[in-house]
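Participant: Could you have a look at this structure, given as structure tokens, before my questions?
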Amino acid sequence: MKILVTGAAGFIGFHTALRLLNAGHSVLGVDNINSYYAVNLKKARLSVLGIVENNVQTDKITQSSVYQNFRFVKLGIEDRENLPVIFESEKFDLIINLAAHAGMRHSVAEPFAYIDSNITGFLNILECCQRYNVKRLIYASSSSVYGGNSKVPFAETDHTNNPTNLYAVTKKADELMAACYSNLYNLTAVGLRFFSVYGPWGRADMAPMLFAQAIMNNQPLQVFNSGNMLRDFTYIDDIVDGIMLVVSKISNSEESLHSIYNLGCSSPVLLSDFILELEMALGRKAQKNLLPMQLADVYQTFADTSAFERDFGYRPKTQLHEGIRKFADWFKAEGYMLILNCKL
Numbered sequence: 000m001k002i003l004v005t006g007a008a009g010f011i012g013f014h015t016a017l018r019l020l021n022a023g024h025s026v027l028g029v030d031n032i033n034s035y036y037a038v039n040l041k042k043a044r045l046s047v048l049g050i051v052e053n054n055v056q057t058d059k060i061t062q063s064s065v066y067q068n069f070r071f072v073k074l075g076i077e078d079r080e081n082l083p084v085i086f087e088s089e090k091f092d093l094i095i096n097l098a099a100h101a102g103m104r105h106s107v108a109e110p111f112a113y114i115d116s117n118i119t120g121f122l123n124i125l126e127c128c129q130r131y132n133v134k135r136l137i138y139a140s141s142s143s144v145y146g147g148n149s150k151v152p153f154a155e156t157d158h159t160n161n162p163t164n165l166y167a168v169t170k171k172a173d174e175l176m177a178a179c180y181s182n183l184y185n186l187t188a189v190g191l192r193f194f195s196v197y198g199p200w201g202r203a204d205m206a207p208m209l210f211a212q213a214i215m216n217n218q219p220l221q222v223f224n225s226g227n228m229l230r231d232f233t234y235i236d237d238i239v240d241g242i243m244l245v246v247s248k249i250s251n252s253e254e255s256l257h258s259i260y261n262l263g264c265s266s267p268v269l270l271s272d273f274i275l276e277l278e279m280a281l282g283r284k285a286q287k288n289l290l291p292m293q294l295a296d297v298y299q300t301f302a303d304t305s306a307f308e309r310d311f312g313y314r315p316k317t318q319l320h321e322g323i324r325k326f327a328d329w330f331k332a333e334g335y336m337l338i339l340n341c342k343l
């Protein structure tokens, strides 16, 4: 298929694009390469995909030097002038929207950036699907939509009326907009609520990368709520396996419907235990600066993945010990030097 992957320079988008390319699909990657976190990390991901910085021009498609079936364009999804031009000329079979302004805590300080990208940008994607007759869409939602819910594990049937931050609000809005466009325009849309994704090439602003960098530099870790928080950490390969199953199923489906699924490990761990695993994998002890719970944060995430398992015959399987080891091996071999050259 010909597939548009937005957020292709991002963590999940990069890994998804690689998997799609290796499966023989033709992929056009889109990303605005914003500076919310280390731009050099995003450029390094693109270089693995065969996109060299010097060849990239805004709004111009660049051919990969590594993958014949990959091209890239620097473009924000909220660009209402140039995104429709791409849709009109490319005639995509499927859209995988992984572009978003990320980070829950940061949404408190920069709310307009989240509205622009996550709501206006996603609406632009939906409008382009409608206008240019693209009938299949996979998009990233988030476990953050469950907000302050105390019932665990979180199930897709639980209410999502109690957001703790604007990022969660934008993701909930995306789900509602996708449902609306599915009903109006016969769009098959699948939203995936990701849970605490980690692994090689991860986001520089998230705990695994921040903690690994601090441990290697013998600097104190900023540990919120004194490490007494539960997270359903999910390894990146498990996330991409799930995405690929959805790609396969909806590419052969004639149904026009909107579905939402949790995609998580379904095995939450204490943040303090996560740090212990990382210490063992890196072979160094961590210094810890214990801090209170942060504004807009949540105490726990915990995915009920039974619906995804029922409909796709799969659930994430990488245990924390194995996933942390793979991440730590990458970080020691490549990630540490990469981060040293990044402005975080």
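Each residue of the sequence shown is one higher than the one before, starting from 0 at the first, in numbering that gives the first Met the number 0. For glycine and all other residues, C-beta sits at the position ideal for the given N, C-alpha and C.
1) Closer than 6 Å by C-beta to A112: which residues in its own chain qualify, once you throw out the five before and the five after it? Chain order, please.
2) So which of Q67, L294, S250 has the shortest CA-CA distance to I95?
3) When DSSP labels each residue in this structure, what does F301 get in the three-state scheme?
4) What residues are listed by DSSP as bridge partners for Y197?
5) Suppose you measure from the CA of L3 to the CA of A22; what does that come to, to the nearest Å?
6) Specify, as a first and last residue, the run of the alpha helix (DSSP H) that T5 falls within.
7) Can you tell me whether L290 is helix, strand or coil according to DSSP?
8) Could you tell me the distance, in whole angstroms, from the CA atom of T169 to the CA atom of V47?
9) Can you tell me where the beta strand (DSSP E) with P219 in it begins and where it stops?
10) For the pair the segment 137-148 and the segment 180-195, tell me if three or more CB-CB distances fall below 8 Å.
11) Could you pull out every residue in the same chain whose Cβ sits closer than 6 Å to the Cβ of L343, ignoring the five residues on either side in sequence?
12) Rounding to the nearest angstrom, what Cα-Cα distance links M228 and V133 in this structure?
13) Rounded to a whole number of angstroms, what is the C-alpha to C-alpha distance between Y66 and A16?
14) By the 10 Å Cβ neighbour count, where 16 or more other Cβ atoms means buried, how is T156 classified, buried or exposed?
15) Considering only the beta carbon of each residue, do T61 and N54 sit closer than 7 Å?
16) Do D231 and F311 have their C-beta atoms closer together than 7 Å?
17) Among Q299, D240, Q221, which residue has its Cα nearest to the Cα of K287?
18) Under a Cβ-count criterion, where at least 16 other Cβ atoms within 10 Å of its own Cβ denotes burial, should P291 be classed as buried or exposed?
19) Assuming L275 is part of the alpha helix (DSSP H), what are its boundary residues?
Facilitator: This is what the structure holds:
1) Indexing the sequence shown from 1 puts residue 112 at position 113. H100.
2) Residue numbering aside, residue 95 sits at position 96 when the sequence shown is read from its first letter. Among Q67, L294, S250, the Cα nearest to that of I95 is on S250.
3) In the sequence shown, residue 301 corresponds to position 302, counting from 1. Residue state, collapsed to three classes: coil.
4) Taking the first residue of the sequence shown as 1, we reach residue 197 at position 198. Paired residues: Y234.
5) Walking along the sequence shown from the start, residue 3 turns up at place 4. Walking along the sequence shown from the start, residue 22 turns up at place 23. If I take the Cα positions, the gap works out to 15 Å.
6) Along the sequence shown, read from residue 1 onward, the residue named residue 5 stands at position 6. From DSSP, T5 is part of no alpha helix (DSSP H) but of the beta strand (DSSP E) over 1-5.
7) As a working mapping, residue 290 is identified with position 291 in the sequence shown. It is a strand residue.
8) Within the sequence shown, the letter at position 170 stands for residue 169. Within the sequence shown, the letter at position 48 stands for residue 47. Cα to Cα, the separation comes out at about 31 Å.
9) Walking along the sequence shown from the start, residue 219 turns up at place 220. Per DSSP, P219 belongs to the beta strand (DSSP E) from 219-223.
10) yes
11) The count along the sequence shown starts at 1 and reaches residue 343 at position 344. Bear in mind that a pLDDT of 38 at L343, under 50, signals an unreliable position, so the number given afterwards is only what the model happens to contain. Taken in chain order, the residues that qualify are A37, A203.
12) Your numbering for residue 228 matches position 229 in the sequence shown. Your numbering for residue 133 matches position 134 in the sequence shown. Straight-line Cα distance between these residues: approximately 41 Å.
13) If you number the sequence shown from 1, residue 66 lands on position 67. If you number the sequence shown from 1, residue 16 lands on position 17. Rounded to whole angstroms, Y66 to A16 spans 11 Å at the Cα level.
14) Mapped onto the sequence shown, residue 156 falls at position 157. With fewer than 16 other Cβ atoms within 10 Å, it is exposed.
15) Taking the first residue of the sequence shown as 1, we reach residue 61 at position 62. Taking the first residue of the sequence shown as 1, we reach residue 54 at position 55. The answer is yes: Cβ separation under 7 Å.
16) Taking the sequence shown and counting its residues from 1, the one referred to as residue 231 is at position 232. Taking the sequence shown and counting its residues from 1, the one referred to as residue 311 is at position 312. Not a contact, by the Cβ cut-off of 7 Å.
17) Position 288 of the sequence shown, counted from the start, is the residue given in the question as residue 287. For the residues Q299, D240, Q221, the minimum Cα distance to K287 belongs to Q221.
18) Taking the first residue of the sequence shown as 1, we reach residue 291 at position 292. Exposed: under 16 other Cβ atoms inside 10 Å.
19) Against the sequence shown, residue 275 aligns to sequence position 276. Where L275 is concerned, the enclosing alpha helix (DSSP H) stretches over 270-281.
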